[in-house]
Amino acid sequence: MQMLCEKLAKFSIPAVRIAVSDTLYGNYKFSQETIASKLGVAQPAVYKYLRGKYSERVSMVTNFIKSNGIHEPIAKAIISGSDTLKVQEMIERLASSRKVSAYCNSLIKSGK
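51 is the number of the first residue of the sequence shown in the working numbering; add one for each residue after it.
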């Protein structure tokens, strides 16, 4: 049985990466390779993020993050040249934030 924090991370970390990837690719025309390098993931992961092929729960968390604009500071950090380690720390901080955790927890409890 997974601990709650493991369940939350399973949905929140990809959702943050998806939101940031969408912003960088769609608004700033970053290449998939550049996005992957900045996020610390493989290019095929970014390709999957941009295609929208992920679970309904991850999609719901992504939409929550985007609608609140809480991924924007990470995108701005990447645009301004922050290194991958700093970006990964920002992703982890946002994914485990009270706001995102509470939303993910409500999805888990509702069975969505």
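Every residue, glycine too, gets a C-beta built ideally from N, C-alpha and C. Nothing here was measured: the structure is a model prediction, and the numbers come from that model.
Leaving out five residues before and five after residue i in sequence, what residues of the same chain have Cβ atoms less than 7 Å from its Cβ?
i: Ile-129; result: Tyr-78
i: Ala-125; result: Val-70, Thr-73 and Leu-74
Can you list, in chain order, the residues of its chain whose CB lies under 6 Å from that of residue i, leaving out five sequence neighbours each side?
i: Leu-89; result: Arg-67
i: Phe-61; result: Arg-107, Val-108, Val-111 and Cys-154
What does a CB cutoff of less than 8 Å around residue i pick up in its chain, not counting 5 residues either side in sequence?
i: Ala-86; result: Ala-92, Gln-93, Ala-95 and Val-96
i: Ser-147; result: Ile-120
Taking the alpha-carbon positions, what's the residue i to residue j distance?
i: Ala-145; j: Phe-80; result: 22 Å
i: Lys-98; j: Ser-105; result: 12 Å
i: Asn-118; j: Ala-152; result: 14 Å
Applying the criterion that 16 or more other CB atoms from any shown protein chain within 10 Å of the CB defines a buried residue, is residue i buried or exposed?
i: Pro-123; result: exposed
i: Ser-160; result: exposed
Exercise. Any contact of the stretch 130-141 with the stretch 102-111, i.e. 3+ C-beta pairs under 8 Å?
Worked result: no
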